[in-house]
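Novice: Chains as they are written, first to last, in the numbering used here: chain D, -3 to 109; chain L, 724 to 833. To start, I am sharing the structure in question, which I have written as structure tokens.
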Amino acid sequence: EPEVTQTPSHQVTQMGQEVILRCVPISNHLYFYWYRQILGQKVEFLVSFYNNEISEKSEIFDDQFSVERPDGSNFTLKIRSTKLEDSAMYFCASSRTPGNTIYFGEGSWLTVV
Amino acid sequence: KNEVEQSPQNLTAQEGEFITINCSYSVGISALHWLQQHPGGGIVSLFMLSSGKKKHGRLIATINIQEKHSSLHITASHPRDSAVYICAVTYGGSQGNLIFGKGTKLSVKP
């Protein structure tokens, strides 16, 4: 069964450093998403991406964050100048259309120290 | 602002029991999702529904649009069903902007 893959599975970074989380969505999907889950809290929407541009973003997704689809397969989340409170599990997801099932990756656990 | 409430927060069951997890939301939605989060953290989509009822194996999901309520049922529960079950909703025009509930942690004892 096709799946969304994410790398790295776990990353530890120093506060203030830049982090890039990578995702390979399912190949025939057109809509891509990032979510995050701080330990012990509920999952939160960050951003959706379609046709090479952001289609929707939450209040969390400020200038510290950016997304990119640098080639035909990868979808990345960049976090600049990381803060301790950015420590969380980040989930990439994709769907064929907005009304279809959303498929999640296994997550990338980011620890900022 | 749409809020998603789940109950119970924690649920312990004996193997074989019938399980019900409830989800309620505050404003009109376009779709409701039931997700399963494994102990390792990965999330799997179980159902997406906007009306009626869906069934997959031992899992059944129902939604009542008028009452703004959905239920996830697990028949003949098994220890491998132990996970966190999350309800999430989207509203009109949204693309992937899911509003998530806090989840229900289910533990099924053998």
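Beta carbons: idealized from backbone N, C-alpha and C, even for Gly.
Check whether the segment 733 to 746 of chain L touches the segment 794 to 805 of chain L, counting contact only when three or more Cβ pairs, one atom from each stretch, lie closer than 8 Å.
Specialist: A contact exists between the segment 733 to 746 of chain L and the segment 794 to 805 of chain L.
Novice: Beta carbon of L/ALA784, beta carbon of L/LEU769: below 9 Å?
Specialist: For L/ALA784 and L/LEU769, yes; Cβs fall inside 9 Å.
Novice: Return the chain-ordered list of same chain residues with a C-beta closer than 6 Å to the C-beta of D/TRP105, the five sequence neighbours on each side being excluded.
Specialist: Counting only Cβ-Cβ distances below 6 Å, and skipping sequence neighbours, we find HIS6 and MET85.
Novice: Spatial neighbours of D/ASP67 within its chain, please: CB distance less than 6 Å, with the 5 preceding and 5 following residues excluded, ordered by chain position.
Specialist: Excluding positions up to five away in sequence, the list is empty.
Novice: Rounded to whole angstroms, what is the Cα-Cα separation between D/ARG65 and L/GLY819?
Specialist: Near 17 Å, if we compare the C-alpha coordinates of L/GLY819 and D/ARG65.
Novice: If you scan the segment 781 to 833 of chain L from start to end, which runs of the beta strand (DSSP E) of 3 or more residues do you find wholly inside it?
Specialist: Entirely contained in the segment 781 to 833 of chain L, the beta strand (DSSP E) runs reaching 3 residues are, in chain order, 782 to 787, 792 to 797, 806 to 813 and 827 to 832.
Novice: By Cβ distance, which residues of its chain are closer than 7 Å to D/VAL8, with the 5 residues on each side in sequence left out?
Specialist: Taken in chain order, the residues that qualify are THR107 and VAL109.
Novice: Flag D/PRO4 as yes if its beta-carbon sits less than 9 Å from any beta-carbon of chain L, otherwise no.
Specialist: Judged by the 9 Å Cβ criterion, D/PRO4 is not in contact with chain L.
Novice: Verify whether the separation of the beta carbon atoms of L/PHE823 and L/ALA806 is less than 9 Å.
Specialist: No; because the gap between Cβ atoms is not below 9 Å, this pair is not in contact.
Novice: Does the beta-carbon of D/ASP59 have 16 or more other beta-carbons within 10 angstroms, so that it is buried, or is it exposed?
Specialist: Exposed, because fewer than 16 other Cβ atoms sit within 10 Å of the Cβ of D/ASP59.
Novice: By the three-class DSSP mapping on this structure, what secondary structure does D/GLU81 have?
Specialist: Helix, per DSSP.
Novice: How about the segment 87 to 102 of chain D and the segment 29 to 49 of chain D: do they share at least three Cβ pairs that are nearer than 8 Å?
Specialist: Touching, yes, given that three or more Cβ pairs across the two stretches are closer than 8 Å.
Novice: Out of curiosity, what's the CA-to-CA distance linking D/VAL43 and L/GLY780?
Specialist: Near 32 Å, if we compare the C-alpha coordinates of L/GLY780 and D/VAL43.
Novice: Can you look up D/SER5 in the DSSP assignment and give me helix, strand or coil?
Specialist: Three-state result, D/SER5: coil.
Novice: Assess contact between the segment 21 to 28 of chain D and the segment 90 to 101 of chain D, defined as three or more Cβ pairs (one per stretch) separated by less than 8 Å. Is contact present?
Specialist: In short, these stretches touch, since the Cβ pair count reaches three.
Novice: What do you get for L/ILE788, buried or exposed, if any count of 16 or more other CB atoms within 10 angstroms of its CB means buried?
Specialist: Exposed is the call here.
Novice: When DSSP labels each residue in this structure, what does D/MET11 get in the three-state scheme?
Specialist: Reduced to three states, the DSSP call for D/MET11 is coil.
Novice: For the segment 818 to 833 of chain L, which residues have a CB atom closer than 8 Å to at least one CB atom of chain D, in sequence order?
Specialist: Per Cβ criterion, the list reads GLN818, GLY819, ASN820, LEU821, ILE822, PHE823, GLY824, LYS825 and GLY826.
Novice: At which residues does the beta strand (DSSP E) containing D/THR107 begin and terminate?
Specialist: Note, D/THR107: beta strand (DSSP E), 104 to 108.
Novice: Going straight from the alpha carbon of D/ASN48 to that of L/LEU734, what length do you get?
Specialist: Taking the straight line joining both Cα atoms gives about 42 Å.
Novice: Return the Cβ separation of D/GLY103 and D/GLN2 in integer angstroms, given the expectation that the two are a contact with Cβ distance under 8 Å.
Specialist: At roughly 6 Å, the Cβ-Cβ gap stays under 8 Å, so D/GLY103 and D/GLN2 are in contact.
Novice: Suppose you measure from the CA of D/TYR99 to the CA of L/GLN737; what does that come to, to the nearest Å?
Specialist: Between D/TYR99 and L/GLN737, the C-alpha separation is close to 30 Å.
Novice: Can a CB atom of chain D be found closer than 9 Å to the CB of L/ILE766?
Specialist: Interface residue, yes.
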